[in-house]
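**Student:** Per this note's numbering, the very first residue in the sequence shown carries number 37; after that it's consecutive.
For every residue, glycine included, the Cβ atom is placed at its ideal position computed from N, Cα and C.
Since the structure is predicted, the reported quantities are computational estimates derived from the model, not experimental observations.
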Amino acid sequence: MRFFKKIVAASLTSVILLSTTIMANAETSQVHSEAQLQENAALIEQKQAEKEGLLTKVNSLQTELQTLENNISSNKEEMTAIEQKISEIKQTIEKKKEEIVVLEDKVLARKGVMEERLVSMQHNDQASLVIEILVNSDSLSELVQRATAVTTILSADKSLLEQQKEDLKKIENEKAAIVEQEDLLQEQYKTLSTNQAALEANLQKRQEVLSSVQEQYNSVVSTITLAEEENAAIQAQIDQAKARLANEQQEAAARATTITQQAEATQAPAAPAPKASNTNSTSSTNSGKEIYVSATAYSHEGSATGLTATGINIKANPNMKLIAVDPSVIPLGSRVWVEGYGEAIAGDTGGAIKGHKIDVLMPSTAACLSWGRKTVKVVILN
37 MRFFKKIVAA
47 SLTSVILLST
57 TIMANAETSQ
67 VHSEAQLQEN
77 AALIEQKQAE
87 KEGLLTKVNS
97 LQTELQTLEN
107 NISSNKEEMT
117 AIEQKISEIK
127 QTIEKKKEEI
137 VVLEDKVLAR
147 KGVMEERLVS
157 MQHNDQASLV
167 IEILVNSDSL
177 SELVQRATAV
187 TTILSADKSL
197 LEQQKEDLKK
207 IENEKAAIVE
217 QEDLLQEQYK
227 TLSTNQAALE
237 ANLQKRQEVL
247 SSVQEQYNSV
257 VSTITLAEEE
267 NAAIQAQIDQ
277 AKARLANEQQ
287 EAAARATTIT
297 QQAEATQAPA
307 APAPKASNTN
317 STSSTNSGKE
327 IYVSATAYSH
337 EGSATGLTAT
347 GINIKANPNM
357 KLIAVDPSVI
367 PLGSRVWVEG
377 YGEAIAGDTG
387 GAIKGHKIDV
397 LMPSTAACLS
407 WGRKTVKVVI
417 LN
């Protein structure tokens, strides 16, 4: 019988060690995965800040580019208007040139007439010619007519000379005006051309900067996407590991229960535990060491991990009969009988469980409150 107990104890120890090893490995893997998640979260936060800064810069550059494009468009419209004005002025200039040619022809014609008259006057003294015309008059009326004709001729020569001077002056003024207009328009067009070149150069530079910033923005977005995908994959691995750990713990608990049941089945029949009275006060006829302890209760609802010191998952087995003990008083793995609770396994420990104290496992917090704190008899069955 002692040999069999040793085998059972060894088996239970093996199961507990296996559960502990599985849990330790799972916790190590989970800690590593959670560290990676935190690192990726920090990276994502940093890149999100970079993304916002780059997005602001992109929007600012796009606004600048739009302003430059508007200025270029406005400048082109002004250049087009000036080109149209230059074209109109050139047409006016052509008309003026034609008018100048007509005036020059008139001047030339007048010049010929005047040269002929001057030659005629040179050959015939003008005063003698006038006297001769007047003396040779046959009558007073003819004298008056001849005097009038001479006056008209002399006035015509004077008028012709004055008109000649005015036309020559007009020609020179119009030539000067044409040159001035041409110079002014050419200067304006040159200024607009220079501005256009500067605007287009600035536009090209801004487009290059925008392209560079957009590349940085796309790189940051890509980094964020990769980090988020990696986080999703790690989280999926953590979830799978948790599920696998829960299954393995359930299997380990089931194996421990099976080993315990097999051990109980092979032992000599023990005296039945006394039935509880209405006041839950019981006495035990089971063989074994009897002690009195202060008993409180706990449940899986107040447990962070749901795992006992021996690796049993109480979240998966909330109705399991199990107590937390001080191993120096009640050895871990012992089968016990607890007054008012029944047979249980000493499968857990606790920071507040020192000396003759136990914690009985209840399926819920409400059941724990109902149990409260009481002094009970405990029989250590093996």
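1) Specify, as a first and last residue, the run of the beta strand (DSSP E) that Thr332 falls within.
2) Taking buried to mean at least 16 other C-beta atoms within 10 Å of its own C-beta, is Arg280 buried or exposed?
3) For the beta strand (DSSP E) that Leu358 lies in, which residues bound it at each end?
4) Please tell me whether His336 and Lys357 are closer than 8 Å, where the distance is taken between their beta carbons.
5) Assuming Ala403 contacts Ala333 under a Cβ cut-off of 8 Å, what Cβ separation, rounded to an integer in Å, is found between them?
6) If we require 3 or more residues per run, which beta strand (DSSP E) segments fall completely within the stretch 328 to 416?
7) What is the DSSP secondary structure of Asn172, reduced to helix, strand or coil?
8) Let me know the secondary structure DSSP gives Asn76 once reduced to three states.
9) What is the DSSP secondary structure of Asn111, reduced to helix, strand or coil?
10) If you compare alpha carbons, which of Gly347, Ala388 and Thr230 is closest to Asn111?
11) Give every residue of the same chain whose Cβ lies closer than 7 Å to the Cβ of Gly378, excluding the five residues on either side of it in the sequence, and list them in chain order.
12) Is there contact here, the stretch 117 to 130 with the stretch 193 to 206, by at least three beta-carbon pairs under 8 Å?
13) Would you be able to state if there are at least three C-beta pairs under 8 Å between the stretch 86 to 106 and the stretch 252 to 272?
14) Quick one, which of Met115, Ser400, Ala277 and Leu368 has its alpha-carbon nearest Ile389's?
15) Excluding sequence positions up to five away, which residues of its chain have a Cβ less than 6 Å from the Cβ of Gly324?
16) Considering only C-alpha positions, which residue in the set Ala380, Gly347, Lys393 and Asn349 is nearest to Ser364?
17) Return yes when the Cβ of Glu202 is within less than 8 Å of the Cβ of Ile136, no when it is not.
18) Apply the 10 Å Cβ neighbour rule to Asp384 and answer buried if 16 or more other Cβ atoms are within range, or exposed otherwise.
19) Nearest CA to the CA of Ser413: which residue from Lys83, Gln217, Glu326 and Leu405?
20) CB-CB under 8 Å to Lys142, same chain, minus the five flanking residues each way: which ones, in chain order?
21) Would you call Thr346 buried or exposed, if buried means 16 or more other Cβ atoms sit within 10 Å of its Cβ?
22) If you draw a straight line from the alpha carbon of Ser69 to that of Glu75, how long is it in whole angstroms?
23) Using the Cα positions of Gln102 and Thr341, report the straight-line distance between them to the nearest angstrom.
24) Compute the distance between the beta-carbons of Leu73 and Ile366, then report whether it is under 8 Å.
25) What separation, rounded to the nearest whole angstrom, lies between the Cα atoms of Val215 and Glu119?
26) Can you tell me which of the three DSSP states Pro310 falls into?
27) Relative to the alpha-carbon of Glu218, which residue among Ile80, Glu124, Asn267 and Gln98 has its alpha-carbon at the smallest distance?
28) For Gln224, which residues in the same chain have their Cβ closer than 7 Å to its Cβ, ignoring the five residues on either side in sequence?
29) Can you check which of these residues, Gly376, Met115 and Asn106, is closest to Val329 by C-alpha distance?
30) If you drop the 5 nearest sequence neighbours on each side, which residues of the same chain put their C-beta closer than 8 Å to that of Tyr253?
31) Do Leu239 and Leu104 have their CB atoms nearer than 8 Å?
32) At the level of alpha carbons, what is the spacing between Asp174 and Glu140?
**Tutor:** Straight from the coordinates:
1) The residue given as residue 332 occupies position 296 in the sequence shown. Looking at the DSSP string, the run of the beta strand (DSSP E) that includes Thr332 is Lys325 to Ser335.
2) Along the sequence shown, read from residue 1 onward, the residue named residue 280 stands at position 244. Under this definition Arg280 is an exposed residue.
3) Counting from one through the sequence shown, the residue named residue 358 turns up at place 322. That run of the beta strand (DSSP E) goes Leu358 to Ala360.
4) Taking the first residue of the sequence shown as 1, we reach residue 336 at position 300. Taking the first residue of the sequence shown as 1, we reach residue 357 at position 321. Contact flag unset, no.
5) The residue labelled residue 403 in the question sits at position 367 within the sequence shown. The residue labelled residue 333 in the question sits at position 297 within the sequence shown. Correct: roughly 7 Å between the Cβ atoms.
6) Taking 3 residues as the shortest admissible run, the stretch 328 to 416 contains the following complete beta strand (DSSP E) segments, listed from N- to C-terminal end: 358 to 360, 371 to 374, 378 to 384, 393 to 398 and 410 to 416.
7) By one-based count along the sequence shown, residue 172 stands at place 136. It is coil, neither helix nor strand.
8) By one-based count along the sequence shown, residue 76 stands at place 40. Look at Asn76 here: in three-state DSSP terms it is helix.
9) Indexing the sequence shown from 1 puts residue 111 at position 75. In this structure, Asn111 counts as helix in the three-state DSSP scheme.
10) Numbered from its first residue, the sequence shown carries residue 111 at position 75. The residue among Gly347, Ala388 and Thr230 with its C-alpha nearest the C-alpha of Asn111 is Thr230.
11) Mapped onto the sequence shown, residue 378 falls at position 342. For Gly378, where only same-chain residues beyond five positions count, the Cβ hits under 7 Å are Lys357.
12) Judged by pairs of C-beta atoms under 8 Å, the stretch 117 to 130 does not touch the stretch 193 to 206, as fewer than three such pairs exist.
13) They touch, by the three-pair rule.
14) Position 353 of the sequence shown, counted from the start, is the residue given in the question as residue 389. Looking from the CA of Ile389, the closest CA among Met115, Ser400, Ala277 and Leu368 belongs to Leu368.
15) Taking the first residue of the sequence shown as position 1, residue 324 is located at position 288. The residues are Val415, Ile416 and Leu417.
16) In the sequence shown, counting from the first residue as 1, residue 364 sits at position 328. Nearest of Ala380, Gly347, Lys393 and Asn349 to Ser364, Cα basis: Lys393.
17) Counting from 1 along the sequence shown, the entry for residue 136 is found at position 100. Counting from 1 along the sequence shown, the entry for residue 202 is found at position 166. It is not a contact, given that the beta carbons lie outside the stated cut-off.
18) Locating residue 384 in the sequence shown gives position 348, counting from the first residue. Its Cβ being crowded by 16 or more others within 10 Å, Asp384 is buried.
19) The residue labelled residue 413 in the question sits at position 377 within the sequence shown. The residue asked about is misnamed: residue 413 is Lys in this sequence, not Ser. Closest option to Lys413, Cα to Cα, is Glu326.
20) Working through the sequence shown from its first residue, we reach residue 142 at position 106. The residues are Asp203.
21) Walking along the sequence shown from the start, residue 346 turns up at place 310. Flag for Thr346 reads buried.
22) The residue given as residue 69 occupies position 33 in the sequence shown. The residue given as residue 75 occupies position 39 in the sequence shown. The alpha-carbon atoms of Ser69 and Glu75 are separated by roughly 10 Å.
23) The residue you call residue 102 lines up with position 66 of the sequence shown. The residue you call residue 341 lines up with position 305 of the sequence shown. Gln102 and Thr341: Cα-Cα distance of roughly 60 Å.
24) One-based indexing of the sequence shown puts residue 73 at position 37. One-based indexing of the sequence shown puts residue 366 at position 330. Going by C-beta atoms, Leu73 is not nearer than 8 Å to Ile366.
25) Residue numbering aside, residue 215 sits at position 179 when the sequence shown is read from its first letter. Residue numbering aside, residue 119 sits at position 83 when the sequence shown is read from its first letter. Spanning the two alpha carbons is a distance of roughly 17 Å.
26) Counting from 1 along the sequence shown, the entry for residue 310 is found at position 274. Since pLDDT at Pro310 reaches only 40, below the 50 mark, its modelled position is unreliable, and the value read off the structure follows with that caveat. Three-state result, Pro310: coil.
27) The residue given as residue 218 occupies position 182 in the sequence shown. Among Ile80, Glu124, Asn267 and Gln98, the Cα nearest to that of Glu218 is on Glu124.
28) Position 188 of the sequence shown holds residue 224. Annotation for Gln224: Ile118 place their beta carbon closer than 7 Å to its own, counting only its chain and skipping 5 residues before and after.
29) Taking the sequence shown and counting its residues from 1, the one referred to as residue 329 is at position 293. Comparing Cα-Cα distances from Val329 to each of Gly376, Met115 and Asn106, the minimum goes to Gly376.
30) Numbered from its first residue, the sequence shown carries residue 253 at position 217. A distance below 8 Å between beta-carbons, with the five flanking residues on each side excluded, links Tyr253 to the following residues of its chain, in chain order: Lys87, Leu90, Leu91 and Val94.
31) Position 203 of the sequence shown holds residue 239. Position 68 of the sequence shown holds residue 104. For the 8 Å CB-CB criterion, Leu239 and Leu104 form a contact.
32) Locating residue 174 in the sequence shown gives position 138, where the first residue counts as 1. Locating residue 140 in the sequence shown gives position 104, where the first residue counts as 1. The alpha-carbon atoms of Asp174 and Glu140 are separated by roughly 43 Å.
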